[in-house]
Amino acid sequence: MDVEFDRNREVKVSDFEETVIQEQDVFDESPENEIRYKTLSWQFVTLLMISEIVSNGMLSLPSSLAVIGIAPALILIVFLGVFGLFTAKLLIDFKLHHPSVHSMGDAGYIIGGPILREVLGFGTIIFAIFATGGELISGQQALSILSDDGICNVFLVLIFAAATFLLSLPRTLGNLSWLGLLSTALIVVSGIVGMVGAGASPVPGRIVGAAMSNNFYEAFLAVTNPADVILFAGHFMRVAFFILISEMRRPQDAMKVPVKRFATIFYTLFALVVYLYAGNTVESPAFLSLSPKWAKAAFAIALGNFLIAGALYIHTAAKLLYVRNFRHTRHISTHTILGWSIWIILCLGATATAFVLAVTLPIFSYLIGITASLFAAWYTYGLAGFFWLHDTYHSQGGRKALVRQPLGTTVAILTILAGAFTCVAGTYVSVQLIINAYRERIVGSPFMC
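Taking full-length UniProt numbering, the leading residue of the sequence shown gets 1, the next gets one more, and so forth.
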């Protein structure tokens with residue numbers, strides 16, 4: 001489904017090419033620049049993406065197996081992994097055809113004008129802040145386990161938020177790339193420790209099923225886990241997809257990034273092993289199902305990953321706003337007092353917002369599910385279909401180009417429909433969770449220790 005460019009076919013093709021050529025890359029890499037952005041190799045992009053995707057997503061999947069069974073869950077994990085790889089290819093192609101695109105907001109402007117730019121840009125910021133809040137909660141859970149609940153949760157979130165803010169301050173992703181290496185190592189090792197711990201202390205009398213019978217609400221909840229901070233396909237990482245590629249030395253190497261393949265294999269292995277030893281008693285996050293000593297070991301190792309992942313989300317929200325306001329000015333490429341002041345304020349503001357939401361809203365984890373459903377479904381699935389249709393239409397001759405490629409057109413439309421379905425169904429499930437939580441009186445109070 002690659003867009004082919006041919007100057008000799010029709011006038012519309014050359015017009016489209018001229019537009020692409022005239023698009024200026026978001027970062028001017030002149031030799032005299034004090035700050036250089038395009039420094040990431042595809043290997044370090046892989047590490048940054050893995051540190052995000054494998055973070056909380058890994059910990060919620062074993063509970064999905066407990067609801068729908070091993071066979072359906074593993075089929076879905078593999079299918080969503082392959083589908084996520086396909087839509088990533090469409091996003092990468094769109095970025096290569098439009099080098100000025102730095103965020104989903106920029107992409108929205110190309111396919112839908114200024115209104116869609118604001119909607120997708122706003123969604124990206126909200127999404128990143130809620131993702132940060134999710135990491136803060138994960139950090140608080142880890143610290144609570146390690147301290148045997150000896151410190152008030154609000155203080156733990158505050159401590160974790162302060163550390164997250166400090167790590168988010170480097171202006172370029174290249175300066176965060178080595179943290180990606182550390183973060184990836186930590187989450188992989190913690191996953192291995194979790195699997196060993198589950199095997200060392202299997203739950204007596206556990207029930208393990210190949211397939212379970214559930215209604216739509218229970219099955220969809222298990223697949224998406226909206227209350228558990230993450231949806232499998234790496235939705236949160238798609239928020240930063242264009243931002244990451246924009247800082248690659250060679251954006252053309254983006255498809256070499258093996259994130260989906262690694263995540264699919266590791267997710268499958270972790271979810272299966274933990275579920276087999278914990279059975280229907282498995283909790284979310286999965287480390288809570290381990291014996292106390294193994295839970296402490298796994299959480300202690302994963303703690304660094306939660307911290308770095310949160311910093312990357314803060315960096316994403318701040319970078320979008322910073323580039324939006326200072327694109328192609330000296331504040332992007334040089335160390336100015338105004339530039340650094342605004343950057344620090346943006347990082348601090350995003351961190352503070354995430355902290356306040358996490359500690360003041362008792363239903364915050366449910367709101368993450370709504371945010372994921374409203375925006376993540378489109379960032380991961382639906383928009384990729386729109387991107388392909390847009391570039392094919394404008395580069396290859398309008399409607400005739402779409403008719404000449406029935407398979408590509410059909411798949412793009414199905415991708416859009418998949419995004420719409422996930423958006424509507426996920427929102428329904430998340431709202432129903434909130435209703436049930438209030439009905440069962442399990443909603444806590446703000447600032448509760």
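Idealized CB from N, CA, C, for every residue including glycine.
CB contact flag (residue i, residue j, <7 Å)
{"i": "Ile92", "j": "Met248", "result": "no"}
{"i": "Thr336", "j": "Glu34", "result": "no"}
{"i": "Val259", "j": "Met49", "result": "yes"}
{"i": "Ala298", "j": "Gly194", "result": "yes"}
{"i": "Ser284", "j": "Ser144", "result": "no"}
{"i": "Val196", "j": "Gly279", "result": "no"}
{"i": "Ala302", "j": "Ser168", "result": "no"}
{"i": "Leu307", "j": "Ala163", "result": "yes"}
{"i": "Tyr366", "j": "Leu433", "result": "yes"}
{"i": "Tyr313", "j": "Ala142", "result": "no"}
{"i": "Ala377", "j": "Gly133", "result": "no"}
{"i": "Val78", "j": "Phe242", "result": "no"}
{"i": "Leu244", "j": "Val45", "result": "yes"}
{"i": "Val257", "j": "Trp42", "result": "yes"}
{"i": "Ala309", "j": "Ser103", "result": "no"}
{"i": "Ala318", "j": "Ile129", "result": "no"}
{"i": "Gly419", "j": "Tyr393", "result": "no"}
{"i": "Leu47", "j": "Thr184", "result": "yes"}
{"i": "Leu61", "j": "Tyr267", "result": "yes"}
{"i": "Val274", "j": "Ala198", "result": "yes"}
{"i": "Ile110", "j": "His97", "result": "no"}
{"i": "Ala311", "j": "Leu146", "result": "no"}
{"i": "Val403", "j": "Thr281", "result": "no"}
{"i": "Lys38", "j": "Glu29", "result": "yes"}
Coil, strand or helix - residue i by DSSP
{"i": "Leu40", "result": "strand"}
{"i": "Ile434", "result": "helix"}
{"i": "Ala200", "result": "helix"}
{"i": "Ile442", "result": "coil"}
{"i": "Ser168", "result": "coil"}
{"i": "Ser147", "result": "coil"}
{"i": "Gly205", "result": "coil"}
{"i": "Leu361", "result": "coil"}
{"i": "Cys347", "result": "helix"}
{"i": "Gln24", "result": "coil"}
{"i": "Cys423", "result": "helix"}
Distance between beta carbons of residue j and residue i, contact taken as under 8 Å
{"i": "Ser373", "j": "Trp294", "result": "Rounded, the Cβ-Cβ distance is 33 Å, inconsistent with contact."}
{"i": "Gly180", "j": "Phe160", "result": "The Cβ separation is near 19 Å, so there is no contact."}
{"i": "Leu40", "j": "Leu173", "result": "6 Å"}
{"i": "Ile370", "j": "Ser430", "result": "4 Å"}
{"i": "Phe127", "j": "Phe375", "result": "5 Å"}
{"i": "Leu338", "j": "His331", "result": "6 Å"}
{"i": "Ala286", "j": "Leu59", "result": "5 Å"}
{"i": "Val26", "j": "Arg324", "result": "Not confirmed; about 10 Å, so no contact."}
{"i": "His315", "j": "Leu176", "result": "7 Å"}
{"i": "Thr351", "j": "Phe165", "result": "4 Å"}
{"i": "Leu272", "j": "Leu407", "result": "Contact flag wrong, Cβ pair sits at about 34 Å."}
{"i": "Ala437", "j": "Ile363", "result": "7 Å"}
Residue-level contact to chain B via CB, residue i, 7 Å cutoff
{"i": "Ile77", "result": "Judged by its chain identifiers, the structure shown contains no chain B, having just a single protein chain."}
Closer than 6 Å: residue i CB and nearest the ligand NAD heavy atom
{"i": "Ile125", "result": "Inclusion of the ligand NAD in the displayed structure is not the case, the ligand content being empty and no account of it being possible."}
Q. Is the stretch 151 to 159 touching the stretch 342 to 351 in the sense that three or more CB pairs, one from each, lie closer than 8 Å?
A. no
Q) Pairing CB atoms from the stretch 380 to 393 with CB atoms from the stretch 410 to 417, are three or more of them under 8 Å? A) yes
Q. If you pair each beta-carbon of the stretch 122 to 135 with each one of the stretch 263 to 270, do three or more pairs fall below 8 Å?
A. no
Q. Can you give, in chain order, each stretch of the alpha helix (DSSP H) that sits fully within the stretch 365 to 420 and has at least 4 residues?
A. 383 to 395 and 399 to 404
Q: Any chance you could list the alpha helix (DSSP H) runs of at least 4 consecutive residues sitting entirely within the stretch 28 to 108, in chain order?
A: 42 to 68 and 70 to 97
(Q) At 3 residues or longer, what runs of the beta strand (DSSP E) sit wholly inside the stretch 274 to 319? (A) none
Q. If you scan the stretch 315 to 344 from start to end, which runs of the alpha helix (DSSP H) of 4 or more residues do you find wholly inside it?
A. 330 to 333
Q.
Threshold first: 4 residues or longer. Then list the alpha helix (DSSP H) segments lying entirely within the stretch 241 to 270, N to C.
A. 241 to 246
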